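Structure, as structure tokens:
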Amino acid sequence: MSELQESKQLASDQSIPNLFNPEYLRLSQDFISEVGGKKILISVPIRKPDSQVFIRVHPDDAFYLETTLLELKEERETYLVDPSLRADLSGEIVPKALYTCLTPQGTLFLWPVKLPSPDGRLDSWNSSAHRIAKLAKTQWVRVVSNRQLQGYEPFAAVNPFSEPEWLDLDFQAILQLAFQDRIIQDPNHPVLKKLRGEQ
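Numbering (our numbering), first residue to last: 1 to 199.
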């Protein structure tokens with residue numbers, strides 16, 4: 001083999017990556033963009049905001065709902081109740097507002113906040129939560145409990161995040177993902193039978 005042929009062979013060998021080289025195999029920081037794909041939402045949590053995470057509340061009232069929920073404290077489960085069953089469950093259900101929230105990491109969740117009683121009274125915790133939710137429609141905030149104030153305090157981001165990128169989902173789809181297997185439409189639903197002591 002001539003020197004020219006050896007030179008070409010060497011160049012060819014160097015262009016082929018060594019499959020056992022750790023640097024060649026290592027994941028890059030933008031691995032997700034490399035492999036492609038689109039995130040698919042399969043569930044939406046129903047919970048209070050984490051005190052250490054900033055949130056935004058969807059500014060569109062179409063993503064807000066006042067309804068009745070049944071909350072099982074021990075199981076930490078929240079159920080949506082069919083309006084036709086509300087009268088029979090008046091002692092168990094709680095009127096609540098559902099705010100659609102988003103974290104800077106793109107986590108979507110529903111924040112349930114108690115609504116005022118028929119006489120207009122509402123405790124200081126839930127009253128402050130409603131005020132913070134309104135504030136969070138226009139800026140990133142953390143929701144932190146303050147026992148001395150008997151309520152929540154908002155903390156604004158010092159270096160604000162970019163505007164939230166809301167997912168291309170309507171509110172009905174969000175509700176379906178949040179309550180997909182936690183809807184009470186039947187008086188004989190297992191949860192109601194349990195509350196009646198039938199199980």
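Note that beta-carbon positions come from the ideal geometry of N, C-alpha and C, so glycine has one too. All of these numbers come straight from a predicted model, not from anything done at the bench.
Quiz item: Apart from the five residues on each side of it in sequence, which residues of its chain come closer than 6 Å, Cβ to Cβ, to residue 116?
Solution: 122
Quiz item: Would you call residue 184 buried or exposed, if buried means 16 or more other Cβ atoms sit within 10 Å of its Cβ?
Solution: buried
Quiz item: Looking at the structure shown, is residue 157 part of a helix, part of a strand, or coil, going by DSSP?
Solution: coil
Exercise. Could you round the C-beta distance between residue 89 and residue 70 to whole angstroms and report it? I think they count as a contact, below 8 Å.
Key: 7 Å
Quiz item: With respect to the beta strand (DSSP E) encompassing residue 65, which residues constitute its N-terminal and C-terminal limits?
Solution: 64 to 72
Self-check item: Environment of residue 174 [buried if 16+ CB atoms lie within 10 Å]
Solution: buried
Practice problem: Mark residue 96 as exposed unless 16 or more other C-beta atoms lie within 10 angstroms of its C-beta, in which case mark it buried. | Solution: buried
Exercise. Taking residue 96 as part of the beta strand (DSSP E), name the residues at either end of that continuous run.
Key: 93 to 102
Quiz item: On the three-state DSSP scale, how would you describe residue 77?
Solution: strand
Quiz item: Leaving out the 5 sequence neighbours to the left and right, which residues in its chain are closer than 8 Å to residue 152 when beta-carbon positions are compared?
Solution: 125, 128, 129, 132, 143, 144, 145 and 146
Practice problem: Give the DSSP-derived three-state secondary structure of residue 125 in the structure shown. | Solution: helix
Self-check item: Where residue 171 falls: helix, strand or coil (DSSP)
Solution: helix
Self-check item: Distance between residue 65 and residue 180 (C-alpha atoms, nearest Å)
Solution: 17 Å
Quiz item: Roughly how many angstroms lie between the CA atoms of residue 172 and residue 178, to the nearest whole one?
Solution: 10 Å
Quiz item: Going by alpha carbons, who is nearest to residue 191 out of 112, 139, 86 and 79?
Solution: 79
Exercise. Please go through the same chain and pick out, in chain order, the residues whose beta-carbon is closer than 6 Å to the beta-carbon of residue 161, but skip the five residues on each side of it.
Key: 104 and 140
Quiz item: residue 112 lies in the beta strand (DSSP E); which residues open and close that run?
Solution: 108 to 114
Practice problem: Report yes if the C-beta distance between residue 134 and residue 59 is below 7 Å; otherwise report no. | Solution: no
Quiz item: For the candidate residues 19, 48 and 53, whose alpha-carbon lies nearest to that of residue 100?
Solution: 48
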